[in-house]
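Structure below.
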């Protein structure tokens with residue numbers, strides 16, 4: 001890519017971002033769009049509709065920027081929970097590290113690169129005509145001493161990154177402990193989930209649990225709730241709920257033909273009949289006892305310490321029985337999937353690994369298409385018919401936005417080819433990347449996790465590695481996308497292969513940052529899909545502020561995105577420092593936009609207490625090591641043997657640092673210490689609500705399939721996704737108590 | 001190797017074994033050798049010297065075989081502990097699996113191999129003239145259908161091995177729990193070791209521990225013993241003890257020149273003076289308080305369950321502080337090395353990894369020499385002078401005991417070349433292998449383990465992998481011993497490389513089994529070195545039954561040996577089944593000999609409760625997977641693509657089986673369950689000795705450096721290695737209590 005090409009791409013995307021910003025600042029002020037742009041405020045009754053029309057409403061203003069910028073971290077913590085704070089700190093961490101990297105890159109490395117002339121001298125008169133490669137390490141002479149500066153830069157960045165990582169890990173772990181210490185009485189702190197309960201003949205799960213815990217934890221055992229299978233009852237109730245919400249929607253619209261309404265009313269009667277049946281507690285108990293129990297139970301204890309002891313100690317002589325895990329928050333429980341047995345969960349885990357591999361392989365197809373589009377010459381060879389369209393006016397079209405190795409003197413480019421080579425590949429990538437997080441979430445939910453937070457965390461992991469593998473490696477080693485695996489089987493060639501192909505893709509990834517980073521983040525602000533959805537559904541639904549659907553933040557989708565841009569920053573920092581300013585632009589945008597969205601749009605669905613941070617830490621370490629390996633390859637390639645040797649201690653030290661952090665901080669994210677638990681227990685010992693709370697604790701983990709359904713027209717507005725319903729119920733029961 | 005060569009080698013070694021057996025059966029009956037052949041019985045007073053001479057004493061008898069065979073497992077368990085039982089069961093397990101393998105190999109695979117004629121037809125008239133390769137898979141025609149039989153054999157053996165492994169793991173874990181349930185009151189069950197204790201300014205370790213545990217474990221905390229540094233006191237006391245034992249030895253021998261005795265007496269006075277000083281408890285306390293405390297302490301609890309809770313729960317918000325681990329048995333504590341800090345232990349662990357790598361590389365030198373000797377032709381090329389010696393009578397000498405690819409019609413072989421090619425290489429290997437376990441133990445002891453049992457377990461691990469790497473892989477891929485690492489960097493070529501080189505080394509490893517297996521195990525019976533040592537020291541020491549040194553069993557040396565023979569059995573089972581009968585011979589020998597030694601010679605130094613078994617399990621799984629990989633390579637090489645594909649599920653299933661076992665059994669080896677602990681605690685609640693026991697518990701973990709030394713002539717017989725002293729002390733204190 002030449003500089004003017006880059007400028008064009010930046011221009012297009014900058015314009016798009018501006019349009020999104022302007023549109024957002026106007027549309028958000030229209031009361032009809034409150035449901036899209038401020039659902040959380042609306043649900044909490046904070047968004048008051050203006051009493052009368054003002055001209056101000058039609059003008060783009062920047063007031064929202066200020067209100068997104070102002071709130072302190074404490075405010076965000078109390079308003080959106082620790083997970084949101086962690087998310088914002090990921091962006092802040094990236095901003096910090098890449099500000100340093102940017103200084104080094106722009107003021108030290110780029111001048112050094114430009115002064116080299118391995119490729120050719122820079123044309124200072126027509127600066128926009130220079131290839132981007134002239135600003136990269138490729139332009140430094142082989143064996144030149146100025147490569148030592150690059151080595152120094154790698155060292156400096158590694159040290160600063162490790163220092164910041166350590167500080168951040170420490171900060172977030174202390175926040176996690178503080179958060180726990182400041183928390184209210186919460187049922188999940190007193191509860192564990194016990195699975196694979198052995199049931200002797202002639203006994204039931206309930207009796208077995210009761211006996212075991214009164215025997216082994218006599219002082220602390222409180223109560224139990226046996227879990228019920230995702231059964232016919234579950235299916236029935238869910239179907240009924242779905243149908244019911246459909247009916248409500250239809251009822252609201254009076255223009256429906258009479259016959260449809262008649263048919264629906266009939267079904268409604270049927271449901272009402274069923275409801276009456278399920279309202280009968282005796283009937284429930286009968287079904288419950290007969291065959292629906294599964295061998296898992298939520299067991300509650302009188303103190304947090306008691307629950308922790310039962311959680312961390314091996315309970316039975318057969319470690320596959322009486323398996324314990326921390327109970328999720330009541331609204332966080334993922335009821336539909338409850339694999340009973342130890343083996344069942346294990347097998348589903350294995351199946352999931354298989355599915356992940358399958359998705360990864362299937363995804364190579366769009367990557368292949370993208371790579372095909374960036375190599376137009378190749379495409380032309382396969383489809384000669386394209387030649388006419390693509391080479392209008394007889395120009396050489398290879399490489400707008402992508403590798404161009406020779407022939408830098410392009411003058412005019414046809415719009416068709418610009419679109420095809422410059423924008424289309426990224427668009428295809430972007431669209432296919434959009435569908436990956438939901439797919440991974442579905443896969444993770446089949447893995448046997450019992451809470452939505454765990455499912456999202458697992459999906460986050462999967463999306464991170466998927467992106468690194470399928471976007472980074474598949475694009476970098478593009479020539480042989482399908483033979484990727486075989487490349488990795490020849491371990492010793494990896495650094496040199498990466499050293500050749502990573503710098504070659506610098507322009508592609510700069511375009512990627514600008515397109516996928518800038519524009520897609522701005523479209524997050526604009527909320528394209530919900531906005532279109534609300535436009536389409538407007539004629540069919542009554543415009544009520546009550547039936548607003550507050551979404552939860554898709555951490556498993558946005559954390560991997562930020563981490564991937566971080567990976568790009570680390571790997572390209574010393575190869576092509578020109579990428580850093582664009583990354584900084586992205587992170588600044590992300591900072592302000594995500595803050596705005598967290599404050600206005602999303603409501604937390606669960607609180608994992610910052611458990612996303614270890615993923616961030618691990619991925620950053622991976623990025624650092626990858627950078628060091630590429631440096632190793634580059635210095636080999638550039639014939640600087642001493643520098644090559646001197647890069648070797650870097651990955652070793654980085655991995656040792658990682659190992660230390662794992663020992664120092666990771667345990668905090670899996671368990672609270674005796675110290676903290678006892679302190680908290682002692683504080684709450686004389687809490688006036690404690691006795692009532694402990695009495696009610698078993699109600700929190702009632703299977704929703706067996707909670708009597710209660711539908712009536714005036715409650716219609718609460719037809720929400722199940723989880724939100726559960727959350728509200730739980731909140732009502734506990735926060736009010 | 002041709003059959004006659006094999007028979008010669010077997011003959012030599014069989015003769016050696018017989019000699020050892022005969023010598024042993026005579027020598028063991030001589031009262032002067034009781035110290036060598038029955039030190040344990042002697043120490044326990046069971047070996048009564050015969051009142052008068054009988055002729056029977058000079059005749060070889062086989063009575064000892066019967067007495068080694070007879071005792072039941074229960075007897076062995078109560079006499080030598082669970083570790084000894086586990087050791088014997090390793091041999092039994094190998095016997096079982098290789099009996100099956102032998103049946104399949106001899107009655108199915110060898111006939112199939114012989115009926116092939118890939119190499120040449122078997123000469124049935126002169127059966128001893130056939131090459132051993134004719135009995136191996138190399139003789140089966142490429143693409144022949146009879147290779148399916150080999151695939152079937154691999155499947156059958158894998159299934160049986162997994163079944164037996166599962167049964168064995170289950171049996172040993174239940175034995176471990178039973179052993180714990182049947183155990184006496186033991187101090188280490190009630191104690192944990194806490195390290196990296198944070199000490200506030202102006203406080204001491206003791207006060208800090210006291211405060212922390214009375215705060216966090218008020219109901220169960222009992223007492224503490226702060227650990228003291230390996231300090232000047234330690235060095236002084238050890239030196240004094242060494243000197244003292246020297247003096248005692250000299251004193252016993254009245255023939256020493258007067259001036260030496262005078263000098264020694266002078267030193268003795270000096271020591272006595274020191275002893276008086278260290279006898280003064282006040283002085284001890286003063287030194288102790290001033291600067292010798294380190295930030296670790298043995299903390300005892302009132303119940304086993306209380307100790308387990310403190311052990312398994314995260315204690316502090318900083319996971320690197322208040323680190324807990326199970327206390328070893330008092331006599332098992334490794335005092336000399338007590339790395340204070342978390343970082344200190346971690347760094348020493350890293351250093352150890354480096355040292356292991358160094359030892360492994362250094363050891364390639366003898367392997368190289370061995371390989372040089374087996375390739376005489378090559379040696380001759382380098383040193384033409386050898387030619388005359390080696391080719392006496394103008395014969396082709398390549399390959400007695402080793403690869404011979406052509407020229408099978410050897411007639412006579414000179415003795416020189418037989419010794420050089422047939423016996424010397426194995427002897428060099430054997431001698432160098434002898435020194436590896438002690439080296440690995442020294443390395444492990446620098447790793448920061450706090451007990452001898454952990455050190456030996458870690459050394460066992462190291463020796464296993466060292467043997468696999470340096471004996472198996474270095475010999476198999478002999479051509480490029482130094483480039484071993486690079487071979488493993490090209491992952492995808494490994495199976496085919498192994499498929500070529502493993503079968504080629506079959507004869508070498510048959511010779512290895514016969515030499516290193518048979519003969520060295522018989523020499524274990526004969527105890528060559530202690531025997532020679534006792535012969536040499538006889539003139540200098542008074543022959544007293546009291547100062548007998550009962551050795552402990554060197555698990556870290558003998559377990560890897562057995563496991564390595566198992567690995568050979570698995571890998572060669574379908575390649576060259578001829579190795580199996582020799583292996584069975586080895587295991588039978590080992591069974592009877594080790595039983596005999598465990599009953600007569602070795603006394604248990606510690607009881608790890610069967611913790612060696614997981615190492616055995618993992619190594620066997622590794623052997624199975626290695627066998628399957630070689631099968632994969634072989635079927636590729638033999639051009640049977642369907643069979644190649646069908647071997648792929650095998651390693652996957654084997655590893656899944658391993659994963660299941662890790663989940664099912666491994667936790668039992670790291671912690672006892674709540675169930676068991678509470679049961680044991682409740683049983684002992686009304687134990688009459690419990691109050692006294694708990695009162696005395698802190699005495700068990702007194703630093704020996706600070707226990708007042710007490711030397712006098714009449715106690716001289718107790719100058720034993722420190723550990724044994726400690727054990728006796730501990731025993732006196734507790735078993736008697």
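Residue numbers (full-length UniProt numbering), protein chains in the order written: chain B, 1 to 737; chain P, 1 to 737.
In this text, a Cβ means the ideal position worked out from N, Cα and C, and glycines have one as well.
{"Check": "Residue 179(B), DSSP secondary structure in three states", "Outcome": "helix"}
{"Check": "Residue 297(P) (DSSP reduced to helix, strand or coil)", "Outcome": "strand"}
{"Check": "Minimum C-alpha distance to residue 62(B) - residue among 548(B), 21(B) and 580(B)", "Outcome": "21(B)"}
{"Check": "Within-8 Å CB hit, residue 440(B) to chain P", "Outcome": "no"}
{"Check": "Exposure of residue 181(P), with buried meaning 16 or more beta-carbon neighbours within 10 Å", "Outcome": "exposed"}
{"Check": "Which listed residue (300(P), 36(P) and 94(P)) has its alpha carbon closest to that of residue 700(P)", "Outcome": "300(P)"}
{"Check": "Closest residue to residue 611(P) among 670(P), 75(P), 346(P) and 603(P) (Cα-Cα distance)", "Outcome": "670(P)"}
{"Check": "Residue 738(B) in three-state terms, based on DSSP", "Outcome": "The first residue shown for chain B is 1 and the last is 737, placing residue 738(B) beyond what the model contains."}
{"Check": "Beta carbon of residue 150(B) nearer than 8 Å to that of residue 574(B)", "Outcome": "yes"}
{"Check": "Three CB pairs or more closer than 8 Å across the segment 428-442 of chain B and the segment 523-533 of chain B", "Outcome": "no"}
{"Check": "Alpha helix (DSSP H) runs wholly inside the segment 585-659 of chain B, at least 4 long, in chain order", "Outcome": "613-637 and 641-647"}
{"Check": "Counted within 10 angstroms of its Cβ, other Cβ atoms place residue 289(P) as buried (16 or more) or exposed", "Outcome": "In this prediction, residue 289(P) scores a pLDDT of 44, lower than 50, which makes its location untrustworthy; no coordinate-derived value is stated."}
{"Check": "Proximity of residue 114(B) and residue 134(B) at Cβ, strictly below 8 Å", "Outcome": "yes"}
{"Check": "Cβ-Cβ separation, residue 522(B) to residue 7(B) (assumed contact under 8 Å), whole Å", "Outcome": "Their Cβ separation, rounded to whole angstroms, is 19 Å, which puts residue 7(B) and residue 522(B) out of contact at 8 Å."}
{"Check": "Beta carbon proximity, residue 480(P) to chain B, threshold 8 Å", "Outcome": "Summary for residue 480(P): the model assigns pLDDT 47, below 50, so the residue's position carries little reliability; its value from the coordinates is reported in the next sentence. It does not; no Cβ of chain B falls within 8 Å."}
{"Check": "Beta-carbon neighbours of residue 216(P), restricted to chain B and to distances below 7 Å", "Outcome": "674, 675 and 678"}
{"Check": "Exposed unless 16 or more other CB atoms sit within 10 angstroms - verdict on residue 307(P)", "Outcome": "buried"}
{"Check": "Residue interval of the beta strand (DSSP E) (run including residue 222(P))", "Outcome": "221-228"}
{"Check": "Against chain B: residues of the segment 599-633 of chain P by CB proximity under 7 Å", "Outcome": "none"}
{"Check": "Own chain partners of residue 710(B) with C-beta closer than 6 Å, once the 5 adjacent residues on each side are dropped", "Outcome": "Any reading at residue 710(B) is ruled out, since the residue's pLDDT is 48, under 50, leaving its predicted position unreliable."}
{"Check": "C-beta atoms of residue 697(B) and residue 499(B) nearer than 8 Å", "Outcome": "no"}
{"Check": "DSSP-derived helix/strand/coil call for residue 450(P)", "Outcome": "coil"}
{"Check": "Straight-line Cα distance separating residue 157(B) from residue 3(B)", "Outcome": "27 Å"}
{"Check": "Backbone CA spacing between residue 644(P) and residue 147(P) [nearest angstrom]", "Outcome": "11 Å"}
{"Check": "Where the beta strand (DSSP E) containing residue 325(B) begins and where it ends", "Outcome": "323-326"}
{"Check": "Residue-chain proximity (residue 188(B), chain P), Cβ-Cβ < 8 Å", "Outcome": "no"}
{"Check": "Interface flag, residue 667(B) vs chain P, CB-CB below 8 Å", "Outcome": "yes"}
{"Check": "Bounding residues of the alpha helix (DSSP H) (the contiguous stretch that carries residue 499(B))", "Outcome": "494-504"}
{"Check": "C-beta atoms of residue 509(B) and residue 563(B) nearer than 8 Å", "Outcome": "no"}
{"Check": "Nearest to residue 518(P) (by Cα), restricted to the options 494(P), 588(P) and 617(P)", "Outcome": "588(P)"}
{"Check": "The alpha helix (DSSP H) enclosing residue 696(P), as first and last residue numbers", "Outcome": "690-700"}
{"Check": "Beta-bridge partners of residue 2(B), as assigned by DSSP", "Outcome": "131(B)"}
{"Check": "Contacts that residue 312(B) makes with chain P (C-beta to C-beta distance below 9 Å)", "Outcome": "309, 312, 313 and 314"}
{"Check": "8 Å Cβ cut-off: residues of chain B touching residue 198(P)", "Outcome": "Those within 8 Å of residue 198(P) in chain B number zero; the least Cβ separation is about 12 Å."}
{"Check": "Cα-Cα separation, residue 593(B) to residue 227(B)", "Outcome": "41 Å"}
{"Check": "Residue 686(B) versus residue 680(B): straight-line alpha-carbon distance, rounded", "Outcome": "11 Å"}
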